[in-house]
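Here is the structure we will look at, set down as structure tokens.
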Amino acid sequence: MTPATAQLDVVTGAFSYSGAAITRELRAAGHRVRTLTGHPERAPAGTDIEVRPLDFADPARLTEALRGAHTLYNTYWVRFAHGRVDHDAAVANSRVLFDAASRAGVRRIVHVSITNPSLDSPYPYFRGKARVEQSLAGAGVPCAIARPAILFGGDGVLVNNIAWLLRRVPVFAIGGRGDYRVRGIHVDDLARLCVELGASQETVTVDAVGPQSVTFRELVDAVRAAVGSRAVVVNVPGPVLLGLSRVLSVALRDTLLTRDEYQAMADGLADSAAPPTGDTVFTDWVAAHGAELGRDYANELDRHFRPARRLADQA
Numbered sequence: 044m045t046p047a048t049a050q051l052d053v054v055t056g057a058f059s060y061s062g063a064a065i066t067r068e069l070r071a072a073g074h075r076v077r078t079l080t081g082h083p084e085r086a087p088a089g090t091d092i093e094v095r096p097l098d099f100a101d102p103a104r105l106t107e108a109l110r111g112a113h114t115l116y117n118t119y120w121v122r123f124a125h126g127r128v129d130h131d132a133a134v135a136n137s138r139v140l141f142d143a144a145s146r147a148g149v150r151r152i153v154h155v156s157i158t159n160p161s162l163d164s165p166y167p168y169f170r171g172k173a174r175v176e177q178s179l180a181g182a183g184v185p186c187a188i189a190r191p192a193i194l195f196g197g198d199g200v201l202v203n204n205i206a207w208l209l210r211r212v213p214v215f216a217i218g219g220r221g222d223y224r225v226r227g228i229h230v231d232d233l234a235r236l237c238v239e240l241g242a243s244q245e246t247v248t249v250d251a252v253g254p255q256s257v258t259f260r261e262l263v264d265a266v267r268a269a270v271g272s273r274a275v276v277v278n279v280p281g282p283v284l285l286g287l288s289r290v291l292s293v294a295l296r297d298t299l300l301t302r303d304e305y306q307a308m309a310d311g312l313a314d315s316a317a318p319p320t321g322d323t324v325f326t327d328w329v330a331a332h333g334a335e336l337g338r339d340y341a342n343e344l345d346r347h348f349r350p351a352r353r354l355a356d357q358a
């Protein structure tokens, strides 16, 4: 198959985290990739990936950007409300995207969701994810949904920033008893799963989870050992943890942890009893990558909300 005749797929955020991993898998399979991105100015110089703006305010332009694609791999979402962008807006934007894909004749959508979404969830993140899945079901395009809990590997935020703190603070606080479980999947395992779902014709929803479920305390202990930290790990009430997080967030000019994120994890929503769809064992991966984890802080607001020009000025 020549490049001109290779299957064209569209990935939202091909230069971001999970989108970049999916893009690598697609290109390894010989597919052409076009990306829809909210930051087209951040495209690497000389990239051969087609770059189009992810412009929800212009559905006609979005439809044209999707035309000719076989599969849309959608990773678009917002982790927390910031400025005018909240979970309700993300739901509405997702609906615009799915409608545009339908009008463009996209033949399949693979959507990245979250474990345990629910229309009745008290948490806007999980409730919003359920509403997006509902919108996708009504879009009229054959689809598959992958539901990860947390991701690790690559330049992910959560595990890296835990490591960053453990390298620098004398005391590391865990909310509650820390016995709530987390079942993460390596970002490359998620990418392989998504590409497999894209090649299938089945309408399916699967939990994207690795082979290992650990308590949050075990997760922190594994990272602590891997980076050689001497920090004392202590358990504190949830409100105390959130207060500490707010102070650190101000100092870091970021949002380190939200109340909903902590409470949802404490409620067990980052765990799953489903069969594993990834092969990478979290504790093995952490032990092998401890030397590089947490060397630099991963700032969520810089990645998704601050203009590229301002970031360059800060570099």
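In this note's numbering, the protein residues as written are 44 to 358. From the three backbone atoms N, C-alpha and C, an ideal C-beta is built for every residue, glycine too. Remember, predicted model here, so these are calculated numbers, not experimental data.
query	result
Measure the beta-carbon distance from PRO191 to ILE157 and round it to whole angstroms, keeping in mind my assumption that it falls under 8 Å.	7 Å
Measure the alpha-carbon distance for ALA351 versus GLU84 and round it to whole angstroms.	For ALA351, the pLDDT reaches just 46, beneath the cut-off of 50, and the residue's location in the model is therefore unreliable, although a value from the coordinates is still provided. Cα to Cα, the separation comes out at about 7 Å.
Roughly how many angstroms lie between the CA atoms of ASP101 and HIS82, to the nearest whole one?	16 Å
Determine the extent of the beta strand (DSSP E) in which TYR116 is found, giving its start and end residues.	114-117
Does DSSP classify PRO280 as helix, strand or coil?	coil
If we call anything under 7 Å between Cβ atoms a contact, is VAL54 one with TYR116?	yes
Determine the direct distance from the alpha carbon of VAL275 to that of THR75, and round the result to whole angstroms.	The amino acid at residue 75 is misidentified as Thr; the sequence shows Arg. Distance between the alpha carbons of ARG75 and VAL275: 49 Å.
Would the stretch 264-279 and the stretch 222-233 be scored as touching if the rule is three or more Cβ pairs under 8 Å?	no
What do you reckon, are the CB atoms on ALA234 and ALA57 nearer than 7 Å?	no
Indicate whether ALA112 and ALA189 have their beta-carbon atoms separated by less than 7 Å.	no
Could you tell me which residues DSSP pairs with HIS229 in its beta bridges?	PHE195
Out of curiosity, what's the CA-to-CA distance linking ARG77 and ASP322?	28 Å
So, does the stretch 252-271 touch the stretch 318-337, judging by three or more C-beta pairs under 8 Å?	yes
Near ARG146, which residues of its chain fall below 7 Å by C-beta distance, leaving aside the five closest residues on each side in sequence?	THR106
For THR248, which of VAL214, PRO254, GLU239 and SER256 has the nearest alpha-carbon?	GLU239
Look up LEU109 in the DSSP assignment and say whether it is helix, strand or coil.	helix
Drop a sphere of 10 angstroms on the beta-carbon of ASN342, count the other beta-carbons inside from all chains shown, and report buried for 16 or more, exposed for fewer.	buried
Just list the residues that DSSP pairs PRO96 with in beta bridges.	THR80
Evaluate LEU162 with the Cβ neighbour count: other Cβ atoms within 10 Å of its Cβ, from every protein chain shown; 16 or more gives buried, anything less gives exposed.	exposed
With distances taken from CA atoms, which of GLY89, ARG104 and THR90 is nearest PRO361?	In the structure displayed, the chain extends from 44 to 358; residue 361 sits before or after that span and is not available.
With H, G and I counted as helix, E and B as strand and the rest as coil, what does DSSP make of ASP264?	helix
Would you call the stretch 162-176 in contact with the stretch 195-215, where contact means no fewer than 3 C-beta pairs closer than 8 Å?	no
Per the DSSP calculation, CYS186 is bridged to which residue(s)?	ILE152
On the DSSP letters alone, give me the boundaries of the alpha helix (DSSP H) that ASP303 sits inside.	302-309
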